[in-house]
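Engineer: The numbering of the sequence shown is numbering that gives the first Met the number 0, which starts it at 0 and goes up by one. Think of the CB as a built atom: it goes at the ideal place given N, C-alpha and C, for glycine as much as any other residue.
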Amino acid sequence: MGLLSSCDKSQQNSYNQKIKRKALKTQDYIVIQKDSQTIEIKVINSTFLGNGQRNYYGSGVPQKWNMLWKTWLGSGKTIVKKGQEELWYGAGWTGQPLFFCENNQPYLLQGAYDHRLKKIDALTGKVIWEYPFEDVIKGTGTIWLNHYTEIPELKALVIQGSRQSRNYHKPTAPALKAISILNGKLVWELNVEKTHSYSRDVDASALVINDTAYIGLENGYFLSFLPDPRQAKHKNDLVQPKILKKIKFYKKQDVLYHAGNLVIEASPAYFDRKIFVSTGSGHVITYDLNLKKIIWDYYIGSDLDGSPVITPDSCILVAIEKQYIQGKGGVLKLNPRTQAVEWFFPTQNKTFADWKGGVIGSPSVKDSLCAFNAIDGNVYVVHQTQLEKNPVKLFDNKTQVRTPKLFFKYLTGPSISTPLLIEDYLITAGYNGIFIFQNLKGKFELIKKIPGRFEATPFIYNKRLYIASRDGYLYCYGE
């Protein structure tokens, strides 16, 4: 049962000693005293794509790809377009499991389409507890360790959003909740108010900086709030967190142009005291925490689903869907320091489901490379800093801009998942399965394919890969 070493026991002991020596409060480690029991929690994957820069994918890629266990996540009903009810199985986009160790025992937190958030033993797949939501859970949660309270059950929380298809016209739509990791009980829930948007869901993962959380909601608003339950108050028959600021991230003309598609599904990214948000109304917003205001609004016009990703050279990667725009979708690199476009890589227009092309999931980065899945069926890997001589047309189908050199391309089938660039591997999941590539002699080669139907983004730790499928199961592959 080698996952005791999954928390790297020697590394953990060294870490614990450092904590005790410096008496340092961190966002990924906490000691909880409950009765006569001491509980140590070390967070490995705290939020979607691992950190505030949305660019951490785990560590320890397996050399073998055995299916070690699978756990039934179940199914649940949700209302989609024109009031039609559908039954969804398993978990989908973004759906990445959170990962933490509790007294060196590894656990996952997985939201599912059966309307439940689950704490799962990462060694065996056994479900420890479940908490029921009103609707299916699509997005990834965020773990927050609360150093500001002495109540054991309130010291480790998961902040999780869900759909609210049945509550859209009701007075309250409690689409964001905080659940105690220790006992799986509700701590607070946030009402997402009705706006010009056609949705009151929450798909995004919260960004927590010290004691303050930031998140975009599908009603088109961006919030900063206090996740600490000590600040929560009764309002609209709910115990709700204290809201510090609420900003509308869409404009009057967006309401007409997007016909109510004003949702913020992307998770905010953070770098250099600035928060970056991609919106369904077509804006990439830069919010300055020092000035407490928007300092850059880059307008694209498309529905932007993928989360912004911070690159090693401190730029932003933005996934662009082919919707509402004249040109092609693809991936855009923006420089927030110069407020300029660095490059644009267009993908091919190809219809799959309701999508017409472009990139839905977030890009991934490692060193000088950037990888992303496209609706045209390809996984692309491009150089971040090596550019082609000839320009391409931007998403407006008019402006000429530079484009990066292509490093690798492979037809895997359509995907909205985020590929993982990790160690010397490229691992990507989609509707045609999981494809594992290894960089051998300077180029990626396919070494393994695992069948299945996946929308969620996987996470890797200590030679195991965890991923939820649309077939109803959560899978663990590896050694």
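1) Return the CA-CA distance between residue 121 and residue 176, expressed in angstroms with no decimal places.
2) Taking buried to mean at least 16 other C-beta atoms within 10 Å of its own C-beta, is residue 294 buried or exposed?
3) Could you tell me which whole beta strand (DSSP E) segments of length 3 or greater appear in the region 111-178?
4) Under 7 Å Cβ to Cβ from residue 225, same chain only, skipping five residues before and after it: list those, please.
5) Taking 8 Å as the threshold, find out whether the region 371-391 comes into contact with the region 344-352 through three or more Cβ pairs.
6) Taking residue 193 as the reference, which of 227, 474, 219 has the closest Cα?
7) Report yes or no: do three or more beta-carbon pairs, one from the region 147-156 and one from the region 130-137, lie closer than 8 Å?
8) Check the DSSP bridge columns for residue 477 and list the partner residues they point to.
9) Which ranges does the beta strand (DSSP E) cover as unbroken runs of at least 3 residues, wholly within the region 247-311, from first to last along the chain?
10) What is the residue span of the beta strand (DSSP E) that residue 33 lies within?
11) Who are the near neighbours of residue 323 in its chain, counting only those whose CB is closer than 7 Å to its CB and skipping five residues on each side?
12) Could you pull out every residue in the same chain whose Cβ sits closer than 8 Å to the Cβ of residue 123, ignoring the five residues on either side in sequence?
13) What do you reckon, are the CB atoms on residue 277 and residue 48 nearer than 8 Å?
14) Buried or exposed, going by whether 16 or more other CB atoms sit within 10 Å of the CB of residue 161?
15) Going by beta carbon distance, what residues of the same chain come within less than 8 Å of residue 292, once the five residues before and after it are set aside?
16) Quick check on the burial criterion: 16 or more other C-beta atoms within 10 angstroms. Buried or exposed for residue 58?
17) Any contact of the region 423-443 with the region 36-43, i.e. 3+ C-beta pairs under 8 Å?
18) Using the Cβ count rule (16 or more neighbours within 10 Å means buried), how would you classify residue 35?
19) So, for residue 490: in the same chain, excluding its five sequence neighbours on each side, which residues have a beta-carbon less than 6 Å away from its beta-carbon?
20) Is DSSP giving residue 362 helix, strand or coil here?
21) Are the Cβ atoms of residue 455 and residue 140 separated by less than 8 Å?
22) For residue 415 and residue 273, I'd like the C-alpha separation in whole angstroms.
23) Apply the 10 Å Cβ neighbour rule to residue 232 and answer buried if 16 or more other Cβ atoms are within range, or exposed otherwise.
24) Classify residue 298: buried if its beta carbon has 16 or more other beta carbons within 10 angstroms, exposed otherwise.
25) Between the region 106-113 and the region 427-437, can you find at least three pairs of beta-carbon atoms closer than 8 Å?
26) Tell me the DSSP secondary structure of residue 338 in three-state form.
27) If I'm right that residue 362 touches residue 316 with Cβ under 8 Å, what's the distance once you round it to whole angstroms?
28) Which same chain residues end up closer than 6 Å to residue 126 when comparing Cβ atoms and leaving out the 5 residues on each side of it in sequence?
29) On the DSSP bridge assignment, give the partners of residue 80 in chain order.
30) Could you tell me which of 142, 98, 164 sits nearest to residue 81, measuring between CA atoms?
31) With burial defined as no fewer than 16 other Cβ atoms inside 10 Å of the residue's Cβ, what is the status of residue 182: buried or exposed?
32) Please state the DSSP three-state secondary structure of residue 345.
33) Where does the unbroken beta strand (DSSP E) through residue 100 begin, and where does it stop?
34) Checking 8 Å against the spacing of the C-beta atoms, do residue 54 and residue 309 come in under that value?
35) Does the separation of the CB atoms of residue 447 and residue 64 fall below 8 Å?
36) By Cβ distance, which residues of its chain are closer than 6 Å to residue 30, with the 5 residues on each side in sequence left out?
Structural biologist: Taking the coordinates as given:
1) Between the alpha carbons of residue 121 and residue 176 lies a gap of roughly 23 Å.
2) Of the residues assessed, residue 294 falls on the exposed side of the cut-off, its CB having fewer than 16 other CB atoms within 10 angstroms.
3) 115-120, 126-131, 141-144, 155-160
4) A distance below 7 Å between beta-carbons, with the five flanking residues on each side excluded, links residue 225 to the following residues of its chain, in chain order: 210, 211, 240, 241, 243.
5) yes
6) 219
7) no
8) 65, 463
9) 268-270, 273-277, 282-287, 292-298
10) 28-33
11) A distance below 7 Å between beta-carbons, with the five flanking residues on each side excluded, links residue 323 to the following residues of its chain, in chain order: 256, 257, 281, 300, 301, 302.
12) 68
13) no
14) buried
15) 286
16) exposed
17) Pairwise C-beta distances place the region 423-443 out of contact with the region 36-43, as fewer than three of them are shorter than 8 Å.
18) Counting Cβ neighbours within 10 Å, residue 35 comes out exposed, since fewer than 16 surround it.
19) A query on residue 490 cannot be resolved here, the shown segment of the chain reaching from 0 to 478 and no further.
20) coil
21) Contact flag unset, no.
22) 27 Å
23) The residue in question, residue 232, is exposed, as its Cβ has fewer than 16 Cβ neighbours within 10 Å.
24) So residue 298 counts as exposed.
25) no
26) coil
27) 5 Å
28) 117, 119
29) DSSP output for residue 80 lists no bridge partner at all.
30) 164
31) exposed
32) In the structure shown, residue 345 sits in a strand (DSSP, three-state: E or B).
33) 97-101
34) yes
35) yes
36) 39
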